[in-house]
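Colleague: Residue numbers for the sequence shown follow the working numbering, beginning at 58 and rising by one.
Positions of the beta carbon are idealized from the N, C-alpha and C atoms, including for glycine.
Have a look at this one.
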Amino acid sequence: MDTVAGNRATPSHPCGRVSGVTPDTTPDRSALRSWLPGFLALAAIWGASFLFIKVGVRELHPLHLTLYRVAAGALTLLVALALLRDRLPREPRIWAHQFVVAALGVAVPFTLFGYGEQRIESMLAGIWNATTPLIVLPMAVLVFRTERLTTRKAVGLGLGFAGVLVVLGVWAGVGGAHFTGQLMCFGAAACYGFAIPYQKRFVAGSADSGLSLSATQLLLATAQLAVVGPLVAGVPPLPTDLSPGALASVLALGALGTGLAFVINLRNIRVAGASTASTVTYLVPIFAVLIGALALDERLTWHQPVGALIVLAGVAVTQGLLGRRGRARAVDVAPPAAPVAAR
58 MDTVAGNRAT PSHPCGRVSG VTPDTTPDRS ALRSWLPGFL ALAAIWGASF
108 LFIKVGVREL HPLHLTLYRV AAGALTLLVA LALLRDRLPR EPRIWAHQFV
158 VAALGVAVPF TLFGYGEQRI ESMLAGIWNA TTPLIVLPMA VLVFRTERLT
208 TRKAVGLGLG FAGVLVVLGV WAGVGGAHFT GQLMCFGAAA CYGFAIPYQK
258 RFVAGSADSG LSLSATQLLL ATAQLAVVGP LVAGVPPLPT DLSPGALASV
308 LALGALGTGL AFVINLRNIR VAGASTASTV TYLVPIFAVL IGALALDERL
358 TWHQPVGALI VLAGVAVTQG LLGRRGRARA VDVAPPAAPV AAR
């Protein structure tokens, strides 16, 4: 999964819209101790998701891993809905649009990250997840027309895609399984980049809560994968057939990375404000790299972290974070898988 601030919106796992969150209803400043622990926890959870994917695809087909992941996440959010006495949407129009978001914002990108991590390091997948905002902007400008392309945004976009070329190391030639895995992860980020402005265009006016919309997406994605998964990859193994490590990874991806993480993100937005909460995007690849290095002894080539820094700088420019201090910015919130995110 991935976060888009400014006039766009967020994160890493596209999971609905946070109803009622605007610059007028969220505080511009909060005591650091009130939101920083949740902010860091969210970055760590989403950063660790790439580790869990790497462990999960050792035993599970990527489609099966995604099926179990979204099913666990859906169950987690349904429990949260029951505890908060919230409900699922009732409008057929919302369910129809959420079906599209479930496919392109959840099922397909989660599966692509699984395929990608069969070929590349988990930390590199975390870096590619950070390119999501670079796809959101041209989609919002050219396809959904929810944004206008300014000079600043164009410069940031160009800088970001220059960073993509550095991450790929195009001067050394491209090809092979490693390159294919990177393209798959970039394709996953591109799916998020389509799903986020799609939500803003067709779902943002819904009166349903972000939690309700997210649960709807995960339920629909579960249904989609329950049909497609067996046709493509065969019958998924029973959870009891998995090793403890693989089973723990599936549960962590679903309950933590796709379920609890969304609840934490909602709180961060409420306490710290949407703009501050959206900057978690910049920490997720850092945690992904640290966790991959410590847990899996993975290593990056020098140009990959350098390219990641250029990508993040480009994202910061498009979002106005490197512009004049104190400039007011409108914020619409349409959070992840996920994800986020791979979230």
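Report the option in Gly262, Met241, His154 whose CA atom is closest to the CA atom of Gly183.
Modeller: Checking every option, the nearest Cα to that of Gly183 belongs to Met241.
Colleague: Under a three-way DSSP split, which group does Leu340 fall into?
Modeller: DSSP places Leu340 in coil when its eight states are reduced to three.
Colleague: By the three-class DSSP mapping on this structure, what secondary structure does Ala264 have?
Modeller: Three-state DSSP puts Ala264 in coil, outside helix and strand.
Colleague: So Asn325 packs on Trp92, CB below 8 Å; how close in whole Å?
Modeller: Contact flag correct, Cβ pair sits at about 6 Å.
Colleague: Rounded to whole angstroms, what's the CA-CA distance from Val127 to Thr168? Just pull it up for me.
Modeller: Straight-line Cα distance between these residues: approximately 11 Å.
Colleague: Taking the alpha helix (DSSP H) that His422 falls in, what are its first and last residues?
Modeller: There is simply no residue 422 to check, as the chain begins at 58 and stops at 400 in what is shown.
Colleague: Taking 8 Å as the threshold (C-beta atoms), are Ser271 and Phe319 in contact?
Modeller: Contact: yes.
Colleague: Given this structure, state the Cα-to-Cα distance separating Val223 from Ala229, to the nearest angstrom.
Modeller: Straight-line Cα distance between these residues: approximately 10 Å.
Colleague: Would you mind sorting Asp265 into buried or exposed? The rule is 16 or more other CB atoms within 10 Å of its CB.
Modeller: Burial call: buried.
Colleague: Check whether the stretch 185-197 and the stretch 134-148 are in contact - that is, three or more C-beta pairs closer than 8 Å.
Modeller: Flag = no, the stretch 185-197 and the stretch 134-148 do not touch.
Colleague: His235 lies in the alpha helix (DSSP H); which residues open and close that run?
Modeller: Taken as a continuous stretch (DSSP letters only), the alpha helix (DSSP H) holding His235 covers 233-259.
Colleague: Taking the continuous alpha helix (DSSP H) assigned at His360, which residues delimit it?
Modeller: Counting along the chain, the alpha helix (DSSP H) containing His360 begins and ends at 360-375.
Colleague: By Cβ distance, which residues of its chain are closer than 8 Å to Leu304, with the 5 residues on each side in sequence left out?
Modeller: Hits under 8 Å: Pro296.
Colleague: Could you tell me the alpha carbon to alpha carbon distance between Ser306 and Asn186, rounded to whole angstroms?
Modeller: Straight-line Cα distance between these residues: approximately 19 Å.
Colleague: Glu148: buried (16+ other C-beta within 10 angstroms of its C-beta) or exposed?
Modeller: Glu148 should be labelled exposed.
Colleague: Between the alpha carbons of Pro287 and Leu108, how many angstroms are there, rounded?
Modeller: Cα to Cα, the separation comes out at about 25 Å.
Colleague: DSSP three-state label for His121, please.
Modeller: Note: His121 maps to helix in three-state DSSP.
Colleague: To the nearest angstrom, how far is it from the Cα of Val165 to the Cα of Pro119?
Modeller: Roughly 10 Å separates the two Cα atoms.
Colleague: How would you write the range of the alpha helix (DSSP H) that Ser106 sits in, first residue to last?
Modeller: Taken as a continuous stretch (DSSP letters only), the alpha helix (DSSP H) holding Ser106 covers 89-113.
Colleague: Sorted by chain position, which residues of the same chain lie with C-beta nearer than 6 Å to Phe156's C-beta, five sequence neighbours on each side aside?
Modeller: Cβ within range, chain order: Leu277.
Colleague: Given Ala245, which residues of its chain have a CB within under 6 Å of its CB, disregarding the five upstream and five downstream residues?
Modeller: Only Pro166, Leu169, Phe170 meet the Cβ criterion.
Colleague: Leaving out five residues before and five after Ser179 in sequence, what residues of the same chain have Cβ atoms less than 7 Å from its Cβ?
Modeller: Excluding positions up to five away in sequence, the list reads Phe107, Leu108, Ile110, Lys111, Ala345, Gly349, Leu353, Glu355.
Colleague: Once you ignore the five residues that flank Ala247 on each side, which residues in its own chain have a CB closer than 7 Å to its CB?
Modeller: Counting only Cβ-Cβ distances below 7 Å, and skipping sequence neighbours, we find Ile192.
Colleague: Near Gly213, what residues of its chain come up, given a Cβ to Cβ distance below 6 Å and the 5 sequence neighbours on each side ignored?
Modeller: So the list reads Gly371, Val374, Thr375, once near-sequence residues are dropped.
Colleague: With Gly213 as the anchor, note down where its alpha helix (DSSP H) starts and where it stops.
Modeller: Segment 208-225, the alpha helix (DSSP H) holding Gly213.
Colleague: Which residues bound the alpha helix (DSSP H) around Ala329?
Modeller: Here the alpha helix (DSSP H) through Ala329 covers 318-329.
Colleague: Tell me whether the beta-carbon of Val337 lies closer than 8 Å to the beta-carbon of Leu99.
Modeller: Yes. Within cutoff.
Colleague: Just to check my reading of the structure: Ala159 and Gln274 have Cβ atoms closer than 8 Å, yes? What is that Cβ distance to the nearest angstrom?
Modeller: Yes, Ala159 and Gln274 are in contact; Cβ-Cβ is about 5 Å, under 8 Å.
Colleague: According to DSSP, is Asp143 part of a helix, a strand, or is it coil?
Modeller: Three-state DSSP puts Asp143 in coil, outside helix and strand.
Colleague: Compute the distance between the beta-carbons of Ile177 and Ser263, then report whether it is under 8 Å.
Modeller: Contact flag unset, no.
Colleague: Check Phe167 in the structure and name its three-state DSSP category.
Modeller: Helix at Phe167.
Colleague: State the Cα-Cα distance for the pair Gly162 and Gly232, rounded to the nearest angstrom.
Modeller: Answer to the nearest angstrom: the Cα atoms are 27 Å apart.
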